[in-house]
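Residue numbers (the UniProt record's numbering), protein chains in the order written: chain A, 1 to 156; chain B, 1 to 156. Backbone N, C-alpha and C fix where the C-beta goes; we use that ideal spot for every residue, glycine too. Bear in mind the structure is a predicted one, so any value in this text is a computation, not a measurement. Reviewing the structure listed below.
Protein chains: 2
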Amino acid sequence: MEKTQSTLDELDFAILSCLQKDGRMSFTEIAEHLNVSVGTARTRLNRLIEDGVISIIGRVDPDKVGFKAYAHVAVYIRPATLKEQVAQTISKMPEVSFLASTSGDYDLEVDVMCPTNNDLVEFINEISTIEGIYQTKTTLYFKVYKYAQPDLNLLK
Amino acid sequence: MEKTQSTLDELDFAILSCLQKDGRMSFTEIAEHLNVSVGTARTRLNRLIEDGVISIIGRVDPDKVGFKAYAHVAVYIRPATLKEQVAQTISKMPEVSFLASTSGDYDLEVDVMCPTNNDLVEFINEISTIEGIYQTKTTLYFKVYKYAQPDLNLLK
DNA sequence: ACTACTATCTAAATAATTTTTAGTTTGCAC
DNA sequence: GTGCAAACTAAAAATTATTTAGATAGTAGT
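Written out as structure tokens, the structure reads:
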């Protein structure tokens, strides 16, 4: 069992800020920025990653890479008791980039990336057959204006 | 003026896949995985980053870091001609993590991360005063089941 | 078919970074 | 005060990144 760090201090936030800007920033560079030793920067960063506070990932531009259909699918479930089960099933599908339960009039929100509109139609047909899903409403994203990390300065 | 690479080959996709898993993977390790020289791995990856095909970022876990209110806001705009202008205004707000125009009955989707529910209410009050926004509908995300990168295998 | 041009890849030396190791400092409980 | 644990620092060793020069392949022009 791991001990999860309960609170983050100034240094942790400063490290997180660095990595939000450039996930490949070296330990050395981070250390210089923050006036701590390389060892400290390394220990802190590794712990943040281990604790799941931050993960360094390569985020591809869906459009540039060939995903031409990006959509939002509102999913309605009945009976409500099947929600968890449906969520588990959907979360395993590779087209799904985001899945969450909501307070809205629909139960689950599914964001999907597909190579073509055809693939999107097929995806929606596929999930419509899942037990518990009795309706879906699909909305296409036409243009993405912003896709950003939360601004940590809001927490201060 | 830069020439943007129009097509991505097998090697590019393989590099993107590596980085989706671990954005801090070293050039050396990537090169070994893919059986190319370190120089090649480096040139390719740097080009992918320059061209904006991929960006290596630190993604923080909003909840762990202190964002306790994550919501989806549907924004209705009238007259429609103000859409671009409203989008530019909203995209500058630090709470906004995602902004897109949609094909749905609302015009813009805004995803917002706030430290508390109070901050969320204030945010919604604030955008409601923007010229052109005549209605908003807010949906809270209760539980996020999945938040992933698109699966590049779907493109093959 | 030959030459020149361009782009991509490789390989080896040099520069820089990461990792390990040992030691220091600090705070806290006994 | 003593013992202990956590966090930081600093310097050597191991690894990785960058630079440089050169090899290879494809393409356009003659």
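Cross-chain neighbours of residue i in chain B, by beta carbon under 9 Å
| i | result |
| --- | --- |
| Ala100 (chain A) | Tyr70, His72, Tyr141, Phe142, Lys143, Val144, Tyr145, Lys146 and Tyr147 |
| Val53 (chain A) | Val60, Asp61, Lys64 and Val65 |
| Glu109 (chain A) | His72, Thr139 and Tyr141 |
Chain B contact residues for residue i, given Cβ-Cβ distances below 8 Å
| i | result |
| --- | --- |
| Asp151 (chain A) | Pro94 and Glu95 |
is_contact[residue i, chain A] using C-beta, thresh 7 Å
| i | result |
| --- | --- |
| Ala87 (chain B) | yes |
| Gly39 (chain B) | no |
| Leu11 (chain B) | no |
Listed by chain order, chain B residues near residue i by CB distance under 7 Å
| i | result |
| --- | --- |
| Phe67 (chain A) | Pro150 |
Burial state of residue i, where buried means 16 or more other Cβ atoms lie within 10 Å
| i | result |
| --- | --- |
| Gly39 (chain B) | exposed |
| Val86 (chain A) | buried |
| Ala80 (chain A) | exposed |
| Ser128 (chain B) | exposed |
| Phe142 (chain B) | exposed |
| Leu16 (chain A) | buried |
7 Å Cβ cutoff, residue i in contact with chain B
| i | result |
| --- | --- |
| Gly132 (chain A) | no |
| Ser26 (chain A) | no |
| Pro115 (chain A) | yes |
| Gly104 (chain A) | yes |
| Ser91 (chain A) | yes |
| Leu82 (chain A) | no |
DSSP bridge partner residues for residue i (one or two, in chain order)
| i | result |
| --- | --- |
| Gln135 (chain B) | B:Tyr76 |
| Thr102 (chain B) | A:Tyr141 |
| Val96 (chain B) | B:Val112 |
| Ala71 (chain A) | A:Val112 and A:Leu140 |
Residue i: contacting residues in chain A (beta-carbon distance under 9 Å)
| i | result |
| --- | --- |
| Gln20 (chain B) | Ile57, Gly58, Arg59 and Val60 |
| Leu8 (chain B) | Lys64, Val65 and Gly66 |
| Leu16 (chain B) | Gly58, Val60 and Val65 |
| Leu155 (chain B) | Val65, Gly66, Phe67 and Pro115 |
| query | Mind pulling the alpha helix (DSSP H) runs of 4 or more residues that sit fully within the segment 28-62 of chain A? | reply | 38-50
| Inside the segment 111-156 of chain B only - alpha helix (DSSP H) runs reaching at least 4 residues | 117-128
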